[in-house]
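Presented below is the structure to which this report refers.
In the UniProt record's numbering, the protein residues as written are 1 to 671.
Take a look at the structure:
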């Protein structure tokens, strides 16, 4: 192979440099084809390096090619660095680089929203600002092995500041089970604080009998890893095996509480109402709620009839700008989300079925087409949808509010009471009944909601409610009739005292904590100042305890932990979506440990990214939310949709509308 090193002196006069079709070409009459090809490749490499480098090297300096004689320096021309030739050359190379990047997207089927990923942008920016000679892009094996392990170690270090706050702020262990694409049973664990969720690990349960003892053992091991003194609660779904596992955990760690996911509880309540089952044990519920099941069934049939036929879907798109959401049944509040969308596009649907185009293309299934038209033009059917959305609205609103990683534990008790009252108000208003009258339909709905609240509520909810200063303010007490402060509610009092016994097994310490609560709830010594009482209503509860809670140190420590805890396992649900796309059958077979590393890196990188100010503004705003239809990861780009209201048209407009203008700055040549 011919060498162009310092030992080989090549007469540069043999080279001819000229411009052709936007590319600088080197040609030599004494070189063969191989050398010419090498020269061209060197020229292209140099061109890219110069265009991406921040240095001010002279364009096509022969020194840069290693082709000059020792002691010879080419003559510098005045103003050459800013000449139109160089600007034109840089523009050509920039365009070529953009083409190379775009080919990477097109050939691999990468979603276009990847271009908004700040890590993608920073990688090219780093390459452009640093002239790294002979750099080779990391290969297949390096990306999935050594570099992955290196990045995991890096993220572990970056997460240390968050973990250092666990002792003071407390942490919730959230866990959920799932089976991957290879039918491998997995259980993942996340640690959640007010700073957000941190993915801890995923356990392969293949060959294990997942009873209460096994699950409790895994959770206890995780508690030990996090630090038992840091853990406030363990949150899972409402499965009986999880409940019994929670009892085992509480017996070993009395200060750690098992709390079922409130979102899962609300979803089960909605399912009991909207999908009533005809059985002997459920006769009363089915008699009052079967009409809801029928309306939901009609809506599902209509949606499938339109969406599963190309021509009907094309007609639908002419009259409706929004999509008919195909929400899976396992999604929280799937029926309500679907009916909300039907109501939102009602006028477009009616215009569609009375149009000439609908009449022209209904012959393939006249019966169903007529059924769809009859329903869309039937005011009674739409009134039923309106009524369903009206009385389930408070349930849906609460579900939507708590389906986040934000601290809501201290709000649940009040929110559940208010939700039931609002459901009653909607039903009684529709039926035209007075408050003291009886409604059989409301009685059934109320029984379902109370039954699920009984299964969901824990002493921790009551203690967190009791430590919220807002619930002692005159403003809150006067917002609704029959409200009483927490220290005057018998149920809350009993559950709160259970918590205090578990937090303070020593009788003397417990007596001190009880006296502190008495002073706090009664606005006694240390809590009687004007500012303290005035700020109970308006100040953030946790901030209030930080400002005014020093007079009750034992209670303050508990309050600062409880007021920062979540009440749902939604982060685990969304994390399995992450795991699903990483472990997709379409990709290469990935071992569970490697998939766990990918999920760890993926989830925690996004967590860290969201702490940046640029996450909520600029070109990378909410980069990990939404995406485009051309997504090979089967929805990996919309992992966080559930927490951002998928059914809301304003969010859909942000995520799924092609604005047609990416606001990219064009390179302009100034001559």
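Each residue gets a CB set at the ideal place from its N, CA and C atoms; glycine is no exception.
key: Extent of the continuous alpha helix (DSSP H) to which residue 542 belongs   = 541-548
**Prompt:** Any idea which residues DSSP pairs residue 196 with across the strands?
**Reply:** 193
| message | I believe residue 502 touches residue 255 by the beta-carbon criterion, under 8 Å. Please report the beta-carbon distance rounded to the nearest angstrom. | response | 6 Å
Since residue 295 is in the beta strand (DSSP E), which residue starts that stretch and which ends it?
From DSSP, residue 295 is part of no beta strand (DSSP E) but of the alpha helix (DSSP H) over 283-307.
Taking a contact to mean a Cβ-Cβ separation below 8 Å, would you say residue 410 touches residue 553 in this structure?
No, Cβ-Cβ distance for residue 410 and residue 553 is not below 8 Å.
Exercise for the section: Answer with buried or exposed for residue 402, where buried requires no fewer than 16 other C-beta atoms within 10 angstroms of its C-beta. Expected result: buried
* To do: Find the nearest neighbour of residue 178 within the set 158, 204, 453, 209, judged by alpha-carbon distance.
  => 204
Range covered by the alpha helix (DSSP H) that runs through residue 126
118-129
Is residue 707 helix, strand or coil when you go by DSSP? With the chain represented from 1 up to 671, any question about residue 707 goes unanswered, as that position is not in the structure.
Checklist line | C-alpha distance - residue 21 paired with residue 92, whole-angstrom precision | finding: Summary for residue 21: the model assigns pLDDT 41, below 50, so the residue's position carries little reliability, and this model does not support an answer.
*asked:* To test your reading of the DSSP string, which unbroken alpha helix (DSSP H) runs of 4 or more residues are found completely within the segment 397-423?
replied: none
Let's test the definition: count the other Cβ atoms within 10 Å of the Cβ of residue 467 and tell me whether it reaches 16, buried, or not, exposed. buried
Worksheet item: Thinking C-beta only, is residue 262 closer than 8 Å to residue 567?
Response: Result yes, Cβ atoms of residue 567 and residue 262 sit closer than 8 Å.
Alpha-carbon spacing of residue 142 relative to residue 172, whole angstroms | 35 Å
So what does DSSP say about residue 257, is it helix, strand or coil? strand
- Message: Any contact between the segment 442-453 and the segment 504-519? By contact I mean 3 or more CB pairs, one from each, below 8 Å.
- Response: no
Problem set entry | Coil, strand or helix - residue 147 by DSSP | helix
Query raised in the report: Is it right to say residue 434 is buried, meaning 16 or more other beta carbons lie within 10 angstroms of its own, or is it exposed?
Result: exposed
Q) When DSSP labels each residue in this structure, what does residue 102 get in the three-state scheme? A) Looking at residue 102 - three-state DSSP - the assignment turns out to be helix.
Bridge partners - residue 459, DSSP secondary structure assignment = For residue 459, which the question treats as bridged, DSSP gives no partner whatsoever.
Quiz item: What's the gap between the Cα of residue 476 and the Cα of residue 559?
Solution: Computed Cα separation, rounded: 20 Å.
query = How long is the line joining the alpha carbons of residue 55 and residue 133, rounded to whole angstroms?
reply = Confidence in residue 55 is poor, its pLDDT being 39 and thus under 50, which makes the residue's placement unreliable; the coordinate value appears in the next sentence. Residue 55 and residue 133: Cα-Cα distance of roughly 13 Å.
Reduced DSSP category for residue 234 - H, G, I as helix; E, B as strand; rest coil:
strand
(request) With DSSP as the reference, please indicate the residues paired to residue 177 in a beta bridge. (result) For residue 177, which the question treats as bridged, DSSP gives the partners 187.
Q) Whose CA, out of 344, 369, 440, lies closest to the CA of residue 301? A) 369
Worksheet item: Is the Cβ-Cβ distance between residue 138 and residue 147 less than 8 Å?
Response: yes
Query raised in the report: Residues in its own chain within less than 6 Å of residue 272 by CB, not counting five upstream and five downstream?
Result: 448
Buried versus exposed, by CB contacts within 10 Å (16 or more), residue 338:
Within a 10 Å sphere around the beta-carbon of residue 338 sit 16 or more other beta-carbons, which makes this residue buried.
Out of 345, 555, 336, 556, point me to the one whose CA is closest to residue 387's CA. When only C-alpha atoms are compared, the closest one is 336.
Check your understanding: Hey, residue 405 and residue 185: beta-carbon distance below 8 Å or not?
Key -> no
Collapsed DSSP secondary structure at residue 171 in the structure displayed: strand
Quick check: the Cα distance between residue 390 and residue 442, rounded to an integer number of angstroms? Taking the CA atoms as reference points, residue 390 sits about 13 Å from residue 442.
Per-residue burial, residue 602 [other beta carbons within 10 Å of its own, 16 or more giving buried] = buried
query: So the alpha helix (DSSP H) residue 268 belongs to, where does it begin and stop?
result: 262-274
**Asked** Exposed or buried, which one is residue 663 when buried takes at least 16 other CB atoms within 10 Å?
**Response** Residue placement at residue 663 cannot be trusted, given a pLDDT of 46 that sits under 50; the coordinates are not used to answer.
* Other residues of its chain near residue 158: CB distance less than 7 Å, five sequence neighbours each side excluded -> 608
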